[in-house]
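Chains as they are written, first to last, in the working numbering: chain A, 35 to 424; chain B, 10 to 401.
A virtual CB, placed ideally from N, CA and C, is assigned to each residue, including glycine.
These figures come from a predicted structure and were not determined experimentally.
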C-alpha cells in the first residue's frame, strides 16, 4: 500500500534513533496480537512523510494519537454493538498506540490526557480479553503501586510467581502480556508492577523512582505473601530495560526472593551516563531518551539534582550481596545500553549460581531487552527460572 | 529499499504476496518478523528477481534450518516450550520455501520438513488441538479439530477449507484460536488440492467441492462437541469458491463464509493468467494451478480447459443459508468486483458483503495484512446471524 521508503524491522527510520527505538517497542508487541503491524506501518509512513518538519516530537505524538483515536473509536463502536471480544482487540491496540503517543510529550496536562486515554483502552482490553488478570493495588509506603496479577490457568496448588518491574518508559500493560502469558504456560503466576517512577504509579499516583528499590521489592513480596495462590518460597524478581538495575538492587537486599533476572542490564555507571546525557543535550545531540525523562521519572529538581540522584544508582557496593540464582541477559547489538555493560553487572553479582546470556544477531533478540524478538528473550528467562528456582 | 508491511519486495508481487502470507501469522506469535526480514534482506541482495526460485527456496530453507536447530537444542535441554516456538517458526519457513519449488522430489522433501516441524510445534504449543482424519471417499483428509473454550455441551462449529497455497496449520490458528475464544469449535481441514492432502496424499482439487464439504459435515456431526444445527462452511482465498458451492449443495450447513471471493469466471481468469505468465507478473507460480488440479504433465492449457467446470453460475443462486462475503478493497490477487458479483448471485435471504477499505485496514487479499480484524468480523457476524438463531 504505502510507498514510503523505510528502513527495517530494527531500524525503521534510518538515522533517527529516537523514532526507531520507540517504534520498535510498539512493534515488539506484535507476537501477542496486541498491535497491528499494518497500522504501525501506516503511522510510520505518515511520520516519514513529515520527517522534514523540525519538531519530531510533535509529529510522533500527532500521528500515533490519530491512529489511536481511529482504533479506539472502532473499539467503542464494537463494544456498543455487543461485540465484546472484537472491542477488546481494538482497545488493546488503541492502548498501545495512545501509550506510544504519550511517550515524547513533556510531563504535564497534555501528556496526562493521553495517558488517561491509554489506560482507559488498556483496562477495557484486559477486562474483555484476559479475565484471569486482576488489576490490584500493592500497598507501598502508605500509598499503593498499581499492578496486574495474572494467574496461571489450571494451577490449583500454590505456584511459583514472578514479579516484573518495568524500565524507564514501559508499563505493566506490556509486561503482563509479553512475560505474563509465557510464564503462565510454565505454571507461574505473574505480578506485573508499575513500580515507583513507572506507568500508572508515576503518572496517576505521583510516585517517583528511587535508587533503593528494595522498598518496592519488599512491598511486592509482602503483597504476594497475602495471596493463597502464591508459593512464597518460589518468588522471582525480574526487571527489564532500566528495570535490570531495579531487579539486581532488590535481589541484593530482599533475600526472600528465590531468584532474579535482569532482562538486560542497565548502565553500570549511572552517574556518568546522566552526565554524558546532559552534555549531549547541551551539544544538541539527541539520544534515544527524552531530555526530560530522568528528571521526571526520578522527581529531580534540577540538573544538579539529576546527577546527585544518579550517583546513588550504583550497584558497585551492593551486587556482591546477591545470593540467589541470578540471570543477566543482554542483546549483542543493543543500541540503547551497550552489551559491554552486562558483564560488569554479571561479574559483580555475588551468587554462586549466576548466568550471563548474550543474544547474538545471528540468533536474534540482539536488540535492547530483546525487543526485536521478545518471545526469544522471555522464553529463555522462563526456562532458566524453571531450572534454577527450586 | 522499499520495505514495508504489504509490499516487502516492491513491485515483485510474487515474493511480496508470499511473504505477506507468512508475515500474516505474526499476531499469533508463530513467526518472527525479525527473522523474516533477515531472509528478505538476503533475497534483495540476491537481486529481488521473482523468477529466481532457487534464491527464494534457499534463503527460506536456510532460516528454517537455523531455527529448527535452535529448537532441537532447546528440546535436548528439556526446554520444551521454547523448542515449540522454534519448531512452529521452522514449519512456516519451510512451508514458505516450498511454495516456489517446482513439483518433484525436492518440493516434497521440503514439505516433509515443514510438516515434521508443524507437527512437533503444534504438539508442544497447542496440545489441545486434535489432529484428526476425516473419512473421505476411500481415504481420509487431515485436519485439526480445535475445541471451543469453556463450553460443556455441543457448540457451534466452523469448517474451514484453505486456498491454493495455504494450509490447516495457518487456519487452525488464525481462525481456530479466535473461534475457540468465542465458544465455537473449528475444523481446519486440508481439502483436496490443499496442504498435506495434495502434497502427501497426492489428492488434487476438484470442481465439485461439495463432496469434501459433505465429508467434513458428516465428520463433525459425528462428534459430541458439535451442535449439528449450527455448523458453518467457510473457505478463504480459493476456498472462497468452495464455500458457496458447499453451502448450496449441502444444505445441512447453517451458514457460509467466503473469506475472500474467488474469480467469478474462473476460465477467463486462467486465460488471462496465461498471458500474464508470459510477462512474468503473476502472484502465483506457473505450475501451481495445474499441480493443484492434478494435471499430470502440468500442462497449463489443460488446466484452462478443466477450469470451465469450476463455476458457481446456477449454484450460488441455490444458497439458502445466511452467507457472508468478505473482500479487501485493495486485493491485488482478486479484485473486489468479483466479491460483488458473487454476492449478487447468492440466493440467501440473509446475505452480507463486507469490503475492508484501506482506511480501516484488512484491505489486502483475505485480510492477510490484518487477519485479526478480518476474523473478528467473521466471528461477530456468525454469532449474530447464524449462531444466535434469531428468528430461526
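In chain order, which beta strand (DSSP E) runs of at least 3 residues are fully inside the stretch 331-385 of chain A? 360-365
Exposure label - residue 153 of chain B; buried when at least 16 CB within 10 Å: buried
If you follow the alpha helix (DSSP H) that residue 229 of chain B is in, where does it begin and where does it stop? 219-230
Give, in chain order, every unbroken run of the alpha helix (DSSP H) that is at least 4 residues long and sits entirely within the stretch 140-203 of chain B. 177-183, 185-190
Between the alpha carbons of residue 112 of chain A and residue 381 of chain B, how many angstroms are there, rounded? When rounded, the distance between both Cα atoms is 14 Å.
For residue 298 of chain A, which of helix, strand or coil comes out of DSSP? Taken through DSSP and simplified to helix, strand or coil, residue 298 of chain A comes out as coil.
Given this structure, state the Cα-to-Cα distance separating residue 85 of chain A from residue 131 of chain A, to the nearest angstrom. Spanning the two alpha carbons is a distance of roughly 19 Å.
What residues from chain A crowd round residue 378 of chain B, counting only those whose CB sits closer than 7 Å? Within chain A, the residues near residue 378 of chain B are 72.
So, is the C-beta of residue 46 of chain B closer than 8 Å to a C-beta in chain A? Taking Cβ atoms only, chain A reaches closer than 8 Å to residue 46 of chain B, which makes this a yes.
Under 9 Å (Cβ pairs) to chain B, residues found in the stretch 61-88 of chain A: Taking 9 Å as the Cβ-Cβ cut-off, the stretch 61-88 of chain A approaches chain B at 61, 64, 65, 66, 67, 68, 69, 70, 71, 72, 73, 74, 75, 76, 78, 79, given in chain order.
Is the Cβ-Cβ distance between residue 330 of chain B and residue 265 of chain B less than 8 Å? yes
Give the residues from the stretch 269-299 of chain A that approach chain B closer than 7 Å (Cβ to any Cβ), ordered along the chain. none
Where are the beta strand (DSSP E) runs, 3 residues long or more, that stay fully inside the stretch 300-357 of chain B, in chain order? 332-337, all fully within the stretch 300-357 of chain B.
If you measure beta-carbon to beta-carbon, which residues of the stretch 63-80 of chain B are closer than 9 Å to chain A? 75, 76, 79
Put residue 286 of chain A into one of helix, strand or coil per three-state DSSP. helix
Determine, for residue 407 of chain A, whether the minimum Cβ-Cβ distance to residues of chain B falls below 8 Å. yes
Burial state of residue 176 of chain A, where buried means 16 or more other Cβ atoms lie within 10 Å: Counting Cβ neighbours within 10 Å, residue 176 of chain A comes out exposed, since fewer than 16 surround it.
Is the stretch 62-77 of chain A touching the stretch 362-379 of chain B in the sense that three or more CB pairs, one from each, lie closer than 8 Å? Contact holds: three or more Cβ-Cβ distances are below 8 Å.
Looking at chain A, is there any beta carbon in it that lies within less than 8 Å of the beta carbon of residue 245 of chain B? no
Would you please verify whether the beta carbon of residue 344 of chain B is less than 8 Å from any beta carbon of chain A? no
Run the CB neighbour count on residue 237 of chain A, radius 10 Å, all protein chains shown included, and call it buried at 16 or more, exposed below. buried
Cβ-based burial, residue 162 of chain B [other Cβ within 10 Å; buried from 16]: So residue 162 of chain B counts as exposed.
Buried or exposed: where does residue 151 of chain A fall if 16 or more other Cβ atoms within 10 Å of its Cβ makes it buried? Residue 151 of chain A should be labelled buried.
Quick one: list the residues of chain B neighbouring residue 166 of chain A, beta-carbon separation under 9 Å, in chain order. Within chain B, no residue comes near residue 166 of chain A; the closest Cβ sits about 12 Å away, beyond 9 Å.
So what does DSSP say about residue 210 of chain B, is it helix, strand or coil? Under the three-state reduction of DSSP, residue 210 of chain B is assigned to coil, being neither helix nor strand.
Residues of the stretch 80-109 of chain B whose Cβ lies closer than 7 Å to any Cβ of chain A, in chain order: Answer set for the stretch 80-109 of chain B: 88, 90, 91, 94.
What residues from chain A crowd round residue 36 of chain B, counting only those whose CB sits closer than 7 Å? Per Cβ cutoff of 7 Å: 64, 67.
CB contact below 8 Å: residue 387 of chain B versus chain A: no
Any C-beta of chain A sitting closer than 8 Å to the C-beta of residue 43 of chain B? Interface residue, yes.
Roughly how many angstroms separate the alpha carbons of residue 96 of chain B and residue 222 of chain A, rounded to a whole number? 23 Å
Applying the criterion that 16 or more other CB atoms from any shown protein chain within 10 Å of the CB defines a buried residue, is residue 172 of chain A buried or exposed? buried
Could you name the residues that DSSP lists as bridge partners for residue 173 of chain A? For residue 173 of chain A, which the question treats as bridged, DSSP gives the partners A:178.
Interface partners of residue 53 of chain A on chain B, CB under 7 Å: Ordered by position in chain B, no residue passes the 7 Å Cβ test against residue 53 of chain A, which lies about 15 Å from the chain.
Let me see if you follow: with CB-CB separation under 8 Å, is residue 403 of chain A close to chain B or not? Not one chain B Cβ lies under 8 Å of residue 403 of chain A.
What is the DSSP secondary structure of residue 244 of chain B, reduced to helix, strand or coil? Looking at residue 244 of chain B - three-state DSSP - the assignment turns out to be strand.
With a cut-off of 8 Å on the beta carbons, I'd call residue 155 of chain B and residue 197 of chain B a contact; round off their distance for me. Cβ-Cβ separation between residue 155 of chain B and residue 197 of chain B: approximately 7 Å, consistent with a contact (criterion under 8 Å).
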